[in-house]
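Student:
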Amino acid sequence: MSASTATNTVETEPMLAPHGRLGMWMFLASEVVVFGGLLASYIFARLRHSSWDEFASQTMTSIGCINTVLLLTSSLFIVLSHHWAERKDIKKSGKYMLWAILLGVLFLVFKGYEYQHEFAKGITPLTNLFWSYYFFITGLHALHIVIGLVINALTLREIRKGQNLQRVEVAGLYWHFVDVVWIFVFPLFYVAS
Amino acid sequence: MTSHQSNFWNYYIFSKDHKMIAKQYLITGLIMALLGGLMAYVFRMQLAFPGEAVPGFGDVDSGTYNQLITLHGTIMVFWVGMPILLGAFGNFLIPLMIGADDMAFPTLNMMSYWTFFVSTLVLLASFFVEGGPASSGWTAYPPLSARPEYSGVMWGMNLWILAVALEFFSVLMGGVNYLTTTFNMRTKGMKFSRMPMFVWMQLAATVNFMFSVGPLIAGALMLLLDRTIGTSFFVPDKGGDPLLYQHLFWFFGHPEVYVLLLPSLGIVAEIIPTFSRKPLFGYKMILISTAFSSVLAFMVWAHHQFISGMDPRMAMPFGLLTIIISVPFAVVLFAYIATLWKGSITFTTPFLFAIAMIAEFLIGGVTGIINGAAAADIYVHDTYYVVSHFHFTLVPITIFGMLAGVYYWFPKFFGRMMNETLGKIHFWITAITFNVIFIPLLQMGMGGHQRRIPDPTEFEYLKGMMGMHKTATIALIILLIAQAFFIFNFFYSMYKGKKAEANPWKSTTLEWDAPSPPVAHGNFEVIPKVYRGPYEYSVPGCKQDWSPQSAETVN
Amino acid sequence: MLDWIVGYMPENIATFGEDIDYVINLIGYIVFIWWILAEGVLFYFLFSSRKKEGVKATYEDGSTMKAMSWVLIPVVLVLGFDLFIDYKSHSAWDKIKIQLPKADVVYRVMGQQFAWTYTHPGVDGKFGTGDDFEPDDLVVPVHQVVHTVISALDVIHSLWIPNLRFKQDSVPGRIITGWFEATKTGDYPIACAELCGTGHGVMASTLKVLEADAYKSWVAQQSAAALAQ
């Protein structure tokens with residue numbers, strides 16, 4: 115803690131943004147490239163294999179749609195949580211954070227059901243390259259959701275204690291990113307051709 | 207504050223102090239450098255005296271040979287270059303040079319080192335699993351790396367991927383820290399236009415890393431899935447594409463060279479003005495060139511793949527951009543050389559290493575033109591010419607740059623001076639033997655000697671080159687032995703060296719305002735303010751030939 | 058002196074070999090001169106600017122256009138030479154890897170751990186017929202265009218024939234057609250240039266360049282033997 119208290123007493127050149135926000139932006143910039151590289155690989159592979167349209171039509175578009183709505187709504191809740199955190203209203207901020215988490219969990223439940231359904235049809239990551247990409251990319255995204263949920267849960271604890279409220283914004287940034295990734299994943303895998 | 211220091215674990219092991227973390231990176235990196243060097247000894251002995259048992263190691267069969275060259279490359283790039291040039295020097299100097307008391311996220315900094323440490327353990331563990339460590343080359347091209355049965359290595363390769371992924375994650379955490387610290391924590395007066403070149407270069411290197419590593423992280427995970435559960439991202443049997451991995455790898459691989467090169471150029475940019483008592487020539491010009499080269503770095507990756515089977519028409523744009531990328535680096539190197547003009551040079555050990563970095567890197571640069579010209583690359587690709595070329599770039603960058611930095615900032619790291627005589631002996635032997643190793647390799651490559659074969663005598667046309675193999679190997683042994691001068695000097699000076707004053711080299715940047723070594727938590731006794739640019743040497747009208755950034759007035 | 062670098066290279070026996078050797082030589086001379094100049098200036102500055110008692114360094118931060126031109130003018134020259142090299146290199150590249158002259162002979166080349174398999178279509182010139190045969194060596198006629206249809210069974214290999222200045226990765230799942238025309242008869246080494254596993258260093262083979270007549274009778278004999286089986 116000595117470092118942060120000392121910083122406050124030292125005159126510095128103007129900051130670009132608070133440490134947490136700036137750091138998270140940097141981190142997300144490199145995350146963008148992870149998914150960017152991955153999705154680009156997938157798109158090039160799909161352009162090479164015209165037969166993949168048929169596989170893409172086998173994904174459960176209805177659940178994909180529901181999940182899109184869930185994540186967007188969850189993002190909205192985290193915006194509201196941040197809104198009230200800035201006004202130091204711990205109760206409202208905590209309530210919306212909890213809703214954001216619940217919708218995130220619901221997303222995972224639907225995703226799990228979808229995987230279950232596909233396994234039941236005998237579709238696995240080893241079926242062919244399309245399904246390898248499908249399971250890998252949605253799986254990696256789901257892993258990011260899990261990490262986001264952990265971050266959100268830790269943040270919720272801080273909100274309830276009424277401390278470190280600036281973290282709500284940082285957690286929100288990450289959660290929005292996970293949401294945006296889904297916005298790209300959804301049409302690429304669920305909407306055929 | 208004091209409670210931190212009293213506890214051994216908090217002070218030496220789980221330290222959040224950027225200076226201690228830097229030392230941890232430095233020591234780990236130096237140990238790994240020794241390990242990588244000893245591996246080179248083993249496989250070079252095998253090349254010079256094929257089939258004979260290597261003293262101190264034993265027989266080298268072809269599987270072991272492949273493992274040695276794979277781990278040598280991996281260690282030297284990821285466990286020596288990056289931890290020392292970014293982890294050690296970046297961590298130590300960025301806060302000191304911008305006048306901050308620590309990094310923006312000290313805990314993240316600690317986690318970064320310990321993630322790196324775990325990655326080191328994972329890599330070392332791969333030596334002891336059944337089948338031994340990875341053997342698919344440091345580039346790990348699939349399908350060789352994607353199916354255990356092709357290389358005969360199962361867990362070693364999995365651990366290799368895991369270790370590299372952890373190492374990347376560690377550098378990523380460090381990078382977030384470096385950028386945030388530099389953007390947010392510059393002391394009053396340290397405008398961007400007054401930042402030392404070293405800090406700029408760390409910034410550029412970090413940005414290069416963060417924007418290039420993503421696709422390879424994705425690629426590494428896909429490779430791991432191919433190996434473990436049997437997907438076919440990079441194996442053609444279910445529609446996968448081996449070349450995709452090469453694109454993901456080299457999209458990262460070329461910027462990665464700059465991740466190493468730029469910090470090293472940053473180190474040299476601090477040392478040359480100090481010992482020639484002159485301002486760095488063309489500060490802004492160097493910055494613009496660096497930015498330009500960083501952008502180009504993302505558009506040249508396929509020059510590693512001219513004959514990989516990709517569409518040959520792609521060689522046109524990639525070849526052109528590759529050749530153009532020599533322009534910004536010509537600017538930087540010429541500017542460094544121009545800095546020397548009409549200076550007042552003292553030839554200290556750090557200065558000698560800095561000059562050797564430039565002089566030898568020039569060889570690396572000019573030999574690269576043949577690789578960049580697609581038609582010529584048909585012949586030299588995957589020969590010893592390429593091996594020699596990238597050692598003429600990477601050894602000056604990582605080894606000479608690092609040694610220049612260690613000799614220069616040692617007093618700031620440890621509060622004592624290194625011995626100059628031992629330093630100069632170390633320098634001359636290292637610089638000369640380095641050339642004796644790699645100039646024959648250039649010639650062998652021109653003779654058509656392909657890379658990565660354990661026994662050249664298997665080929666009739668390579669038998670005439672055994673003399674050159676022997677020369678290179680003997681030179682390498684002398685080079686390795688000469689490192690004893692450095693190791694002894696390093697540890698002896700740490701405890702028994704001459705005590706260093708705060709600014710032993712009469713330099714201008716802020717790290718020399720802090721005591722040697724700096725205050726344990728907080729760096730400076732009083733955080734300095736900045737009044738001028740970083741390289742104000744021999745300012746007309748001043749009696750003193752250096753004008754520190756922190757001095758309000760200089761006589 | 059004129060073939061200073063090329064002198065280190067094995068004898069060229071390919072029609073396009075001269076183009077590659079020309080590019081290598083050209084680059085060799087250009088960069089060698091630049092390198093000597095750069096190192097010369099570096100060492101001259103080091104020598105002339107060494108510390109002398111009572112002489113202060115000149116303050117010159119290279120921020121004016123006039124000062125910067127000392128760096129930028131040489132760099133513009135470098136760029137000019139670069140573009141020239143690139144132009145020459147790509148004309149050669151175009152000839153070797155993009156333009157495909159009509160084939161006189163077609164071989165299928167398959168890389169696998171750890172050997173090269175060559176398939177000759179036999180007298181009828183068609184693959185998949187009874188007279189196809191698989192010789193141990195790559196036997197080709199002199200002064201005729203040979204197409205190599207290269208692929209790999211398991212991992213990536215690289216067909217490397219130093220005397221022909223020929224190198225092409227063989228990639229599993231891809232078929233890559235290359236070509237060459239040999240200008241001299243004799244036996245020449247073939248190796249693998251891409252790390253392909255423990256046997257990478259023994260993946261050797263031979264290129265035999267025969268006179269057209271000798272080649273013809275060799276093909277007839279091999280085809281007949283294949284049909285007889």
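First to last, the protein sequences are chains A, B and C.
The number in this note's numbering is simply the position in the first sequence, starting from 1, with 114 added.
The number in this note's numbering is simply the position in the second sequence, starting from 1, with 206 added.
The number in this note's numbering is simply the position in the third sequence, starting from 1, with 57 added.
Note that beta-carbon positions come from the ideal geometry of N, C-alpha and C, so glycine has one too.
By the criterion of Cβ-Cβ separation under 9 Å, what are the contact partners of Arg231 (chain C) in chain B?
Tutor: Near Arg231 (chain C) (Cβ distances below 9 Å), the residues of chain B are Pro442, Asp447, Pro448, Leu449 and Gly515.
Student: Do you know offhand how far His510 (chain B)'s Cα is from Trp456 (chain B)'s?
Tutor: Their backbone Cα atoms lie some 7 Å apart in a straight line.
Student: Using CA coordinates, which residue listed in B:Ile531, B:Val463 and B:Leu648 is at the minimum distance from Met282 (chain B)?
Tutor: The shortest Cα separation from Met282 (chain B) among B:Ile531, B:Val463 and B:Leu648 belongs to B:Val463.
Student: Please report the distance separating the alpha-carbon of Ala222 (chain C) from that of His655 (chain B).
Tutor: According to the sequence shown, residue 222 (chain C) is Arg rather than Ala. Cα-Cα distance, rounded: 12 Å.
Student: State yes or no: is the beta carbon of His204 (chain C) nearer than 9 Å to at least one beta carbon in chain B?
Tutor: Not closer than 9 Å to any Cβ of chain B, the Cβ of His204 (chain C) fails to qualify, so no.
Student: Does Gly105 (chain C) come out as helix, strand or coil in the three-state DSSP assignment?
Tutor: Rather than Gly, the amino acid found at residue 105 (chain C) in this sequence is Ser. Correct three-state label for Ser105 (chain C): helix.
Student: Using Cβ-Cβ distances below 8 Å, what residues of the region 476 to 492 of chain B are close to chain C?
Tutor: If the cut-off is 8 Å between Cβ atoms, the region 476 to 492 of chain B has Ser482, Arg483, Lys484, Pro485, Leu486, Phe487, Gly488, Tyr489, Lys490 and Met491 near chain C.
Student: Does DSSP put Trp173 (chain C) in a helix, a strand or coil?
Tutor: The answer is strand: DSSP assigns Trp173 (chain C) an E or B state.
Student: Report the neighbours of Gly728 (chain B) on chain C: residues whose CB is nearer than 9 Å to its CB, in chain order.
Tutor: Within 9 Å Cβ-Cβ: nothing; Gly728 (chain B) doesn't reach chain C, min ~32 Å.
Student: Straight-line CA distance for Phe696 (chain B) to Gly570 (chain B)?
Tutor: Cα-Cα distance, rounded: 28 Å.
Student: Please report the straight-line C-alpha distance between Pro131 (chain C) and Ala536 (chain B), rounded to a whole angstrom.
Tutor: For Pro131 (chain C) and Ala536 (chain B), the distance between alpha carbons rounds to 9 Å.
Student: Indicate whether Ala285 (chain A) and Ile204 (chain A) have their beta-carbon atoms separated by less than 9 Å.
Tutor: No, these two residues do not count as a Cβ contact at 9 Å.
Student: For Ser176 (chain A), report the span of its alpha helix (DSSP H) as first-last.
Tutor: Ser176 (chain A) -> alpha helix (DSSP H) spans Thr175 to Glu200.
Student: Report the three-state DSSP secondary structure of His210 (chain B) (helix, strand or coil).
Tutor: Residue placement at His210 (chain B) cannot be trusted, given a pLDDT of 49 that sits under 50; the coordinates are not used to answer.
Student: What's the C-alpha gap between Val206 (chain C) and Gly611 (chain B)?
Tutor: Near 52 Å, if we compare the C-alpha coordinates of Gly611 (chain B) and Val206 (chain C).
Student: Please name the residue in C:Val196, C:Thr115, C:Lys241 and C:Ala282 whose C-alpha comes closest to that of Ile247 (chain C).
Tutor: If we check each option's Cα against that of Ile247 (chain C), C:Val196 comes out closest.
Student: For Val761 (chain B), is the classification buried or exposed, using 16 other Cβ atoms within 10 angstroms of its Cβ as the cut-off for buried?
Tutor: Checking the sequence, you will find Asn at residue 761 (chain B) rather than Val. By the neighbour-count rule (16 or more Cβ atoms within 10 Å), Asn761 (chain B) is not buried but exposed.
Student: By the criterion of Cβ-Cβ separation under 7 Å, what are the contact partners of Pro239 (chain A) in chain B?
Tutor: Within chain B, the residues near Pro239 (chain A) are Ile435 and Thr437.
Student: Let's test the definition: count the other Cβ atoms within 10 Å of the Cβ of Phe141 (chain C) and tell me whether it reaches 16, buried, or not, exposed.
Tutor: Answer is exposed; the Cβ neighbour count stays below 16.
Student: Starting from the C-beta of Gly74 (chain C), find all residues in its chain whose C-beta is less than 6 Å away, skip the five residues before and the five after it, and write them out in chain order.
Tutor: Excluding residues within five positions, the ones whose Cβ falls inside 6 Å are Arg222.
Student: If contact means a Cβ-Cβ distance below 8 Å, which residues of the region 367 to 386 of chain B contact chain A?
Tutor: Going along the region 367 to 386 of chain B in chain order, one finds Leu378, Gly381, Val382, Asn383, Leu385 and Thr386 with a Cβ nearer than 8 Å to chain A.
Student: So with Cβ pairs under 9 Å, would you call Glu191 (chain C) a contact of chain B?
Tutor: Output row for Glu191 (chain C): interface = no.
Student: Alpha carbon to alpha carbon, how far is Met428 (chain B) from Asn641 (chain B)?
Tutor: Each residue's alpha carbon lies about 40 Å from the other.
Student: Counting C-beta neighbours from all protein chains within 10 Å, is the total for Val80 (chain C) 16 or more, i.e. buried, or is it exposed?
Tutor: The residue is buried, with at least 16 neighbouring Cβ atoms inside 10 Å.
Student: Compare the C-beta of Leu314 (chain B) with all C-beta atoms of chain A and state if any pair is closer than 9 Å.
Tutor: True, the Cβ-Cβ gap to chain A drops below 9 Å.
Student: What is the residue span of the beta strand (DSSP E) that Pro158 (chain C) lies within?
Tutor: Per DSSP, Pro158 (chain C) belongs to no beta strand (DSSP E) and is neither H nor E.
Student: What whole-angstrom Cβ distance do Ala149 (chain C) and Ala581 (chain B) have, given they're in contact under 8 Å?
Tutor: Right, their Cβ atoms sit about 4 Å apart.
Student: Going along the chain, which residues of its own chain have a beta-carbon closer than 6 Å to the beta-carbon of Ile177 (chain A), five neighbours each way excluded?
Tutor: Closer than 6 Å at the Cβ level, and outside the excluded window around Ile177 (chain A), lie Phe224 and Glu228.
Student: Once the 5 residues before and after Val203 (chain C) are set aside, which same chain residues still bring their CB inside 8 Å of it?
Tutor: Here the set comprises Ala160, Asp161, Val162, Val163, Tyr164, Val197, Trp236, Phe237, Glu238 and Ala239.
Student: Assuming Gly235 (chain B) is part of the beta strand (DSSP E), what are its boundary residues?
Tutor: Premise fails: Gly235 (chain B) lies in the alpha helix (DSSP H), His224 to Ala254, not in any beta strand (DSSP E).
Student: Using a Cβ-Cβ distance under 9 Å, would Trp507 (chain B) count as near chain C?
Tutor: By this cut-off, Trp507 (chain B) is not an interface position.
Student: For a cutoff of 9 Å on Cβ pairs, would you count Arg162 (chain A) as touching chain B?
Tutor: Cβ-Cβ to chain B under 9 Å: yes for Arg162 (chain A).
Student: For Gln755 (chain B) and chain C, any beta-carbon pair shorter than 9 Å?
Tutor: Judged by the 9 Å Cβ criterion, Gln755 (chain B) is not in contact with chain C.
Student: Taking DSSP as the reference, what is the three-state secondary structure of Leu350 (chain B)?
Tutor: In this structure, Leu350 (chain B) counts as coil in the three-state DSSP scheme.
Student: If contact means a Cβ-Cβ distance below 9 Å, which residues of the region 156 to 190 of chain C contact chain B?
Tutor: Cβ contacts with chain B come from Gln170.
Student: Quick one: using the 10 Å Cβ neighbour count with 16 as the cut-off for buried, is Gly254 (chain C) buried or exposed?
Tutor: Buried, because 16 or more other Cβ atoms sit within 10 Å of the Cβ of Gly254 (chain C).
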